[in-house]
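See below for the structure under consideration.
Here you go:
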């Protein structure tokens, strides 16, 4: 039970981070509609937060334990794994100060063409470049925390499966 509680608390914390980072990316896009990958990041963060909260609740409520939580952990793991894989496919790895890398992932981290940057001509370009570098770092951090949440959910699913298939009926 202690290991499950620790994993569930980690799920809550890391899911909150994923949700916050994804919302920052969507909000920072500016006017218009952000890329769907960023919207899926918000979905993954919010879904993981809900599933983790239900998981913590299930530790104290007997009817939610067992096959119900195993199924919920499996579903959450599937959607989170899909989100983490999508982020990895689009973001890849690279230095956010490298112009070629930024140009390669621009479709994912770019801001709206209607977003306004303060300053005159050169200052606007510099502010836009700093914003892209910052958004790149946020996207990479979001991807990393999404993978951590995936690992936490898979771990709780494995613990739930082992707890159900064990001959002693131990709960972790």
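Residue numbers (full-length UniProt numbering): 1 to 172. Note that CB positions come from ideal geometry on N, CA and C, so glycine has one too. Nothing here was measured: the structure is a model prediction, and the numbers come from that model.
For residue j and residue i, the rounded distance between their alpha carbons
{"i": "residue 152", "j": "residue 77", "result": "9 Å"}
{"i": "residue 137", "j": "residue 96", "result": "6 Å"}
{"i": "residue 122", "j": "residue 84", "result": "36 Å"}
{"i": "residue 8", "j": "residue 143", "result": "20 Å"}
{"i": "residue 120", "j": "residue 111", "result": "19 Å"}
{"i": "residue 52", "j": "residue 155", "result": "13 Å"}
{"i": "residue 139", "j": "residue 100", "result": "16 Å"}
{"i": "residue 134", "j": "residue 82", "result": "25 Å"}
{"i": "residue 130", "j": "residue 74", "result": "39 Å"}
{"i": "residue 158", "j": "residue 90", "result": "29 Å"}
{"i": "residue 30", "j": "residue 88", "result": "24 Å"}
{"i": "residue 233", "j": "residue 70", "result": "A query on residue 233 cannot be resolved here, the shown segment of the chain reaching from 1 to 172 and no further."}
{"i": "residue 160", "j": "residue 107", "result": "39 Å"}
{"i": "residue 64", "j": "residue 116", "result": "49 Å"}
{"i": "residue 114", "j": "residue 28", "result": "12 Å"}
Cβ shell of residue i (< 7 Å), same chain only, five flanking positions each side left out
{"i": "residue 26", "result": "34, 38, 39 and 42"}
{"i": "residue 149", "result": "11, 14, 15, 18, 48 and 80"}
Nonlocal neighbours in the same chain, by C-beta distance under 6 Å from residue i, ignoring five residues either side
{"i": "residue 45", "result": "15, 18, 19 and 22"}
{"i": "residue 147", "result": "84"}
Collapsed DSSP secondary structure at residue i in the structure displayed
{"i": "residue 95", "result": "coil"}
{"i": "residue 69", "result": "helix"}
{"i": "residue 120", "result": "coil"}
Member of the options whose CA lies at the smallest distance from the CA of residue i
{"i": "residue 66", "options": "132, 126, 118 and 4", "result": "4"}
Neighbourhood of residue i by C-beta, 8 Å cutoff - its chain only, sequence neighbours within 5 removed
{"i": "residue 6", "result": "none"}
*At 4 residues or longer, and completely inside the UniProt domain "MARVEL" (4-159): list those alpha helix (DSSP H) runs for me, N to C.*
Every alpha helix (DSSP H) of 4 residues or more that sits fully in the UniProt domain "MARVEL" (4-159) is shown, in chain order, as 36-60, 67-91, 99-104 and 106-109.
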